[in-house]
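Going by my numbering, the first residue of the sequence shown is number 200, and it counts up by one from there.
Ideal Cβ positions, reconstructed from N, Cα and C, are used throughout, including at glycine.
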Amino acid sequence: MVPVPSLGTSRSHWPVVAWIRLRVPPPPPVIMLTPGIPPPPNPPLEILEPNPVRTDPRKRVYSYEEDLGESVVRLVWDADDPEVLEAEYRQPTYDRRASKSDVVAFWAAVKRLVAPIGPLPVDGADPRP
């Protein structure tokens with residue numbers, strides 16, 4: 200399993216047993232009315248909430264966590280890399296990988312959560328269903 204750095208702070212302390220990296224359409228170009236630095240982009244989903252990084256207060260990370268009973272699905276978006284949306288599947292499992300049925304449920308939950316954006320291309324995942 201390729202480790203994915205977890206941005207921000209997760210509410211759950213469980214390990215990541217599966218993850219998906221999705222490509223988000225690029226944000227529209229910013230029209231600047233005054234000179235200066237353009238503002239950072241807004242998160243691609245309304246459910247994403249600020250999740251500050253304690254070690255770097257300049258980072259703008261947003262996340263959303265959904266409890267699925269014995270597991271948690273977490274979406275993470277970093278304004279520094281606005282075209283990537285990461286999804287983590289966390290379980291209280293420390294000695295084995297997620298089962299095939301858990302992975303299928305994780306992918307279904309992610310598809311449901313990103314539905315307002317539309318179908319997104321998968322940039323990377325572990326494991327694939």
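Using 8 Å as the threshold, is the C-beta distance between residue i and residue j below it?
| i | j | result |
| --- | --- | --- |
| Val321 | Ala217 | no |
| Tyr293 | Pro214 | yes |
| Pro242 | Tyr261 | yes |
| Glu269 | Gln290 | yes |
| Val313 | Leu244 | yes |
| Pro326 | Arg296 | yes |
Considering Cα atoms alone, identify which of the options is closest to residue i.
| i | options | result |
| --- | --- | --- |
| Val309 | Lys299, Tyr288, Ala297, Asp277 | Tyr288 |
| Arg273 | Pro281, Ala286, Glu282, Asp280 | Ala286 |
| Ala304 | Pro234, Val271, His212 | Val271 |
| Arg342 | Ile246, Glu248, Asp277, Leu247 | Any answer about residue 342 is impossible in this case: the structure gives the chain only from 200 up to 328. |
| Ile219 | Trp306, Leu247, Pro318 | Trp306 |
| Pro315 | Arg259, Ile246, Pro227 | Ile246 |
| Pro227 | Ser298, Ser300, Pro281 | Pro281 |
| Glu248 | Pro238, Val275, Gly235, Pro237 | Val275 |
| Val283 | Ser300, Leu319, Lys299 | Leu319 |
Using the beta-carbon count (16 or more within 10 Å), is residue i buried or exposed?
| i | result |
| --- | --- |
| Val229 | exposed |
| Leu232 | exposed |
| Ala324 | buried |
*Stretch-stretch touch, CB-based, cutoff 8 Å, three pairs: the region 217-230 with the region 246-254*: In short, these stretches do not touch, since the Cβ pair count stays below three.
_3 or more residues per run - each beta strand (DSSP E) lying fully within the region 255-328_ = 260-266, 271-277, 283-289, 321-325
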